[in-house]
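Colleague: Can you read through this structure? Questions will come right after.
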Amino acid sequence: MDRKRKWVLSSGALLVIFLGRMTTGLEVPLDPKVLEGLPQPPTITHQSSKDFIIDPRENILIYCEAKGKPHPSFSWTRNGTHFDVEKDSKVLMKPSSGTLVIDISGEKAEAYEGIYQCTARNEHGTAVSNNIVIRQSRSPLWSKERKEAIMVQVGVSLVLQCGPPAGLPPPIIFWMDNNFQRLPQNTRVSQALNGDLYFSNVLLDDTRNDYICYARFPHTQTIQQKQPITVKVLDMDAINETVADLYNYTNNLFLDSPSGERRPSFMAPPGRSSTQMALRGGVLELECIAEGLPTPEVSWYKESGELPSSRMSFHNFQKTLKIADVMEADAGDYRCTAKNSLGSAHHIIKVNVKAAPFWISAPRNLILAPKETGILTCRVSGDPKPQIAWSVNGVPIEDSPKDMSRKVEEDTVILSDVQTGSSAVYQCNASNEFGYLLANAFVNVLAEAPRVLTPPNNVYQVITNNPAFLDCASFGSPIPTITWFKDSQTSILNRDPYVIHNNGTLEINVAQSLNSGKYTCIASNNLGTRENHVYLEVKEPTRILAQPEYMVVQRNRKAVFECKVKHDPTLIPTMNWLKDNGELPDDERFLVDTDSLTINDVTEEDEGTYTCVMNTTLDQDSASAMLTVVEEPDPPTDLELTDQRERSVQLTWIPGDEHNSPTQKFLVQYEDLLHQAGVWHNLTEEEGTKTTAHLDLSPYAYYSFRVLAVNHVGYSRPSQPSRQYRTNPAAPDVNPTDVHGVGTEHNNLVISWKELTGLQSNGPGLQYQVNWRQKDVEEDWSSETVANASKYVVSGTPTFVAYEVKVQAVNDYGNGPAPEAVEGYSGEDVPMSAPESVQVLVQNGTLAEVHWEPVLTSVVRGRLQGYKVSYWRERSLHQAEAQQEEQQVLAFSGNRTDGRLPGLKPYSLYTLNIRVVNGKGEGPPSPNHNFETPEGVPGPPSFLHIKNTNMDSLTLEWGPPQDNNGRLTGYTLKYQPVNSSNELGPVEEMMFPANETTVILSDLKYSTRYKFYFNAKTIKGSGPTITEEAVTIMDEAMKSNQVDLATQGWFIGLMCAIALLILVLLIICFIKRNKGGKYPVKEKEDAHHDPEVQPMKDDDGTFGEYSDTEDHKPLKGSRTPSNGTVKRDDSDDSLVDYGEGGDGQFNEDGSFIGQYSGKKEKDTHEGNESSEAPSPVNAMNSFV
């Protein structure tokens, strides 16, 4: 993105007052209020030019205007003597002015030609004007002359001279014919600077009798013409000798000039070198005109440096070099070269640059206080060096009265210890042979108290980090001293960040907000003091925070440019959007919002650079971004087929417009009108830089082709189809694919294949020759030919026998290539027998291993996929009656002889059997086999209730586990107090026999929270723990002695503070929890997943620090582990580890998929499971 900023400083008009003690004085202010009553010597404000050419038909107006206090009077000199205006009735001087109006009606203007000079004087001095030379414009007539016809031979050079009369100013020359049509000019025929017409060589077509030179005089607007010149061009080879002899005596026949082909030579200027002088600041015109045949070409070169390309130009067909605003560096040797096919010629023009006097430093007016010193300087330059002459009040300084306070040193006048009344006007005249300069500068001796010229209470506004300029323009004599103060207290010295300029302006280099405020400037001299107040406001800059970004948008979609801006709130912003630095189109599709530009339904015309410009009264910021509109490419055109062969063809095309998105590829498609008319198929792809494609074709097809272009946007429309291209029939090139031999019944073989497409048939009469034979058996191939089919069924085959099969394509033009044989099998039948020698090895209460003997291959009667073990729980060993549960199935792929049965329930009776599985199905089951699982740890108690809570006792009731997993040996109860800061007290432990379901706990502390942990046991160990909490009741006596704190003001305040603190802590906890953090108690509880594995601390009998987390149950009862799962020990096994799961069937490769019967029991608790102890609830819940 292109980006720019422009800063604008808003302030009042600056009135610059230059102060100086030596080289410069005080300049007179322009403020009319200051000028009132202020004495001032005369100053010339307007005068006519030095060289004034007048029109004799109009009155003469000679300007001379001056100012001063008092207003000056005017007088004139003419040719060095006094010109008495009042004595000439034709001359009028304008009132309060020195301008002369001369009425020349009835008079000759020549009478008023001369050198005029105006003088303006008052009591404080005299000023004079330049010498004004008045000359009348002149347009003299051409002298009468008779011109003889000029006869020249073809090919010679020729010059037709114009010679216009001298006019004032010089006339403008041009050549025309009798019909006032300009004569054509070119490199061969051209007009020189002096007006002559040059022919480098003449042609027969140059013969004419109306070569007329015209002179136009600009002041009188008159045109004069020279007598027509006749030119006759003769071809000497076509004239007989007699006529030639006659012409030889004709004076006007230029036979001494060569007429044939020749090298160039210069006609003007003549010779090999010349010299030319130019004045500084003027125009230098160098000219070289050459003759030759063929016509030469002219070129320029500066030998001593480069040509000034910015100030030079070529004219007159390169024959004139013009350099404007001549400088000293333009002096040197300029080489012009004329060149044709026979050679070249060179001419050197040596240029010398002189200079009329020009100012380096003109004298300036001085205002001095009495006793001060001042200097007038008149520095000029020129070539030759100008002579400087000083005058006082129009009188040469050497002729004026001597003044001891004045000293003249060439270009400098030093005035020392000036006195009141010594005011005067000094003139400096610098002259050399090329002109002169005259300047007036007055010295005004004044004693004036200070005046502040800057308007009071100005408000300056500036943007942060930009310079600020606070004006304090003043006037006084002596020159006032300027002092600045900020906020009427702090004196501002001339140091960073402040700069006090000579004109009193206060500059702040880099303005900051702390620089805002009130500023006071004080102007003082020995005659008084004046002050002025101004104000500075430093504003925040305007910044574009979110710039528009380069966008590539599809045609007819929406483009959105964002432009979010930050600006000073006290400034009023204006947002403007530009397109290509111009206004947005007047289109309703362009929607301008406060910080965005939306263009709906973009078109190609919307492409360009969009700029958002945010303006305030002080600054602006802008940012730009380009919009590129893309769309799908146009379709290719002009499809042609070349290099046509039996099986291939070359396709060429011309790409369409890419629409700003380069073509990535071309897609070539074909249509087969013989087999699938109207259906287009992809044939090949080519890179986006290519426009040709070599296409491989199939026999027996009627092809048409088309091409689609693809770019980043999408596919183009298809091109127009190519002309049709037909290929001849042939034998098939390929055979059917995906050939398989699979039996669907125990006594057949189904041979299948994928048919050939019409394009693959290669000819009419497509058929398939099917061949088969039993593998590893010496017998011939059986064969059958079919048409329009994709399979063939062979009947009467033995069960599950290997075959070799192959399928070959055949058409009317021959057979396809020799096919490869594929192995297949005839159909399978279900297995005949079940596995034998089934044994079960019980590992623990949840896991058992089963072993069996594999069956013989001959009885499998198919592809062995594996074995299926079905097992179910008959009953728990607690129960005498059978309660058979849902059957579970595990599949073991391949020819295995063992497997593991996980997820069993402890202390139970199980039954299982095993079947063989092949691709046809399952064989008969083995005889049922029974086995028992040993005891395990019990499940959690079914409930734990707390009743009859008193001041020092309570009652616990519980229920036995739903899953005993063995014979219960008893229960374990642990409990401990929890204080108000959630710290846990000592643990008490109690054991109960298996037949008890209630207990009364006494000797408890009143008004105390207790936490209870309860689990059941078998001979294998303790089961998962459940927890509960309860609070004992407060003593009634203490209640009666307590004060109703809820009405106490300090208590209400304390509670509010506690509530606020708790809120803050909850927020912190929430943040830390979201970050994945853990509290120390949570970490400890995570480390103690199972109270059975992690017992109580031996040293203090506690369970560690008490904690509240969201994972724990509220007060009235957690009956399940806190994580909701039952943890298995290392002996636990999963179905994934030991089988392929309960659902699925075997694939042909022996893997088992699906479930034969029954479902796996969900959420079973294993015999040795244990649960994580639940966490305590938040102490605050007890108050709910």
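Sequential numbering of the sequence shown, starting at 364, is according to my numbering. Backbone N, C-alpha and C fix where the C-beta goes; we use that ideal spot for every residue, glycine too.
(1) Any chance the segment 1268-1276 sits against the segment 1346-1365, with 3 or more Cβ pairs inside 8 angstroms?
(2) Helix, strand or coil: how does DSSP classify Gly1412 here?
(3) Consult DSSP for Asn978 and reduce its assignment to one of helix, strand or coil.
(4) So, under 8 angstroms CB-CB, Gln1132 and Thr1148 are touching, yes? Tell me the CB distance rounded to an integer number of Å.
(5) Please go through the same chain and pick out, in chain order, the residues whose beta-carbon is closer than 8 angstroms to the beta-carbon of Asp696, but skip the five residues on each side of it.
(6) If you follow the beta strand (DSSP E) that Val1563 is in, where does it begin and where does it stop?
(7) Between the segment 1318-1325 and the segment 1228-1237, do at least 3 Cβ pairs fall closer than 8 angstroms?
(8) What does the alpha-carbon distance come out to for the pair Val992 and Leu960?
(9) Using DSSP with H/G/I as helix, E/B as strand and the rest coil, what is Val1425?
(10) Please return the same chain residues whose Cβ sits closer than 6 angstroms to the Cβ of His1075, not counting the five positions on each side in sequence.
(11) Beta-carbon within less than 8 angstroms of Gln403's beta-carbon, same chain only, minus the 5 sequence neighbours each way: which residues are those?
(12) When DSSP labels each residue in this structure, what does Ala474 get in the three-state scheme?
(13) Report the three-state DSSP secondary structure of Glu1436 (helix, strand or coil).
(14) Counting only the same chain and skipping the five closest in sequence on each side, list residues whose C-beta sits under 6 angstroms from that of Lys1380.
(15) Are Asn1281 and Val1170 touching if we call contact CB-CB under 9 angstroms?
(16) Does the Cβ of Ser662 lie closer than 8 angstroms to at least one heavy atom of the ligand ATP?
(17) Should Leu1426 be labelled buried (16 or more other beta-carbon atoms within 10 Å of its own) or exposed?
(18) Taking the continuous beta strand (DSSP E) assigned at Val714, which residues delimit it?
(19) If you draw a straight line from the alpha carbon of Asn1544 to that of Val1362, how long is it in whole angstroms?
(20) Determine the direct distance from the alpha carbon of Ser985 to that of Asn919, and round the result to whole angstroms.
(21) Taking only runs of the beta strand (DSSP E) that begin and end inside the segment 837-861, which ones reach a length of at least 3 residues, in chain order?
(22) Kindly indicate if chain D contains any beta-carbon less than 9 angstroms away from that of Ser520.
(23) Which residues in the same chain as Leu1046 place their Cβ atom closer than 7 angstroms to its Cβ, once the five residues preceding and following it in sequence are excluded?
(24) Do the CB positions of Val1164 and Ser1189 come within less than 9 angstroms of each other?
(25) By Cβ distance, which residues of its chain are closer than 8 angstroms to Lys595, with the 5 residues on each side in sequence left out?
(26) Would a C-beta distance cut-off of 9 angstroms place Leu684 and Glu660 closer than the cut-off?
(27) Determine the extent of the beta strand (DSSP E) in which Gly488 is found, giving its start and end residues.
(28) If Thr1388 and Tyr1376 are in contact, beta carbons under 8 angstroms, what's the gap, nearest whole angstrom?
(29) Under 6 angstroms Cβ to Cβ from Asp1035, same chain only, skipping five residues before and after it: list those, please.
(30) Around the Cβ of Pro1018, are there at least 16 other Cβ atoms within 10 angstroms (buried) or fewer (exposed)?
(31) With H, G and I counted as helix, E and B as strand and the rest as coil, what does DSSP make of Asn728?
(32) Which residues does DSSP list as the beta-bridge partners of Trp940?
(33) By Cβ distance below 6 angstroms, which residues in the same chain neighbour Ser622 in space, the five residues on each side in sequence not counted?
(34) Count the other C-beta atoms from every protein chain shown that fall within 10 angstroms of the C-beta of His678, then say buried if there are 16 or more, exposed otherwise.
(35) With DSSP as the reference, label Ile1431 as helix, strand or coil.
(36) For the segment 420-427 against the segment 464-476, do three or more pairs of beta-carbon atoms, one drawn from each stretch, fall closer than 8 angstroms, so that the two count as touching?
Modeller: In brief:
(1) Remark: fewer than three beta-carbon pairs, one from each stretch, lie closer than 8 angstroms, so the segment 1268-1276 and the segment 1346-1365 are not flagged as touching.
(2) Helix at Gly1412.
(3) Here DSSP, grouped into helix, strand and coil, assigns Asn978 to strand.
(4) That pair is a contact at about 5 angstroms.
(5) Once the five neighbours on either side are set aside, the close Cβ partners of Asp696 are Lys665, Glu666, Ser667, Ile711, Ile712, Lys713 and Val714.
(6) Nothing can be reported for residue 1563, as the shown portion of the chain is limited to 364 through 1547.
(7) At 8 angstroms Cβ cutoff, the stretches do not touch.
(8) The alpha-carbon atoms of Val992 and Leu960 are separated by roughly 16 angstroms.
(9) Note that residue 1425 is Ile in the sequence shown here, rather than Val. Of the three classes helix, strand and coil, the one that applies to Ile1425 here is helix, per DSSP.
(10) Ser1024, listed in sequence order.
(11) For Gln403, where only same-chain residues beyond five positions count, the Cβ hits under 8 angstroms are Val391, Lys430, Gly431, Lys432, His487, Phe805 and Asn807.
(12) If DSSP states are grouped into helix, strand and coil, Ala474 belongs with the helices.
(13) For the record, residue 1436 in the displayed sequence is Arg; it is not Glu. Taken through DSSP and simplified to helix, strand or coil, Arg1436 comes out as helix.
(14) Excluding residues within five positions, the ones whose Cβ falls inside 6 angstroms are Thr1332 and Gly1333.
(15) Contact annotation: Asn1281 and Val1170 have beta-carbon atoms that are not nearer than 9 angstroms.
(16) Absence of the ligand ATP from the depicted structure is noted, as is the absence of any ligand whatsoever, leaving it without description.
(17) The residue is exposed, with fewer than 16 neighbouring Cβ atoms inside 10 Å.
(18) It spans Gly706 to Ser724 - the beta strand (DSSP E) in which Val714 sits, taken as one unbroken run.
(19) For Asn1544, the pLDDT reaches just 34, beneath the cut-off of 50, and the residue's location in the model is therefore unreliable, although a value from the coordinates is still provided. The alpha-carbon atoms of Asn1544 and Val1362 are separated by roughly 26 angstroms.
(20) In this model, Asn919 and Ser985 are separated by some 28 angstroms (Cα to Cα).
(21) The segment 837-861 contains these whole beta strand (DSSP E) runs: 837-840, 844-849 and 853-855.
(22) Absent from the structure: chain D. Only one protein chain is present.
(23) Around Leu1046: Val1031, Gln1032, Tyr1033 and Leu1058.
(24) For Val1164 and Ser1189, yes; Cβs fall inside 9 angstroms.
(25) Within the same chain, and ignoring the five residues on either side of Lys595 in sequence, the residues whose Cβ sits closer than 8 angstroms to its Cβ are Ala512, Ile513, Met514, Val515 and Thr570.
(26) No. Outside cutoff.
(27) For Gly488, the enclosing beta strand (DSSP E) has its first and last residue at Gly488 to Val491.
(28) So it is a contact: roughly 5 angstroms between Cβ atoms.
(29) Only Ala1064 and Leu1122 meet the Cβ criterion.
(30) It counts as buried.
(31) Coil at Asn728, not helix or strand.
(32) According to DSSP, Trp940 bridges with Cys975.
(33) Once the five neighbours on either side are set aside, the close Cβ partners of Ser622 are Gln516, Gly518 and Val519.
(34) It counts as exposed.
(35) Correct three-state label for Ile1431: helix.
(36) At 8 angstroms Cβ cutoff, the stretches touch.
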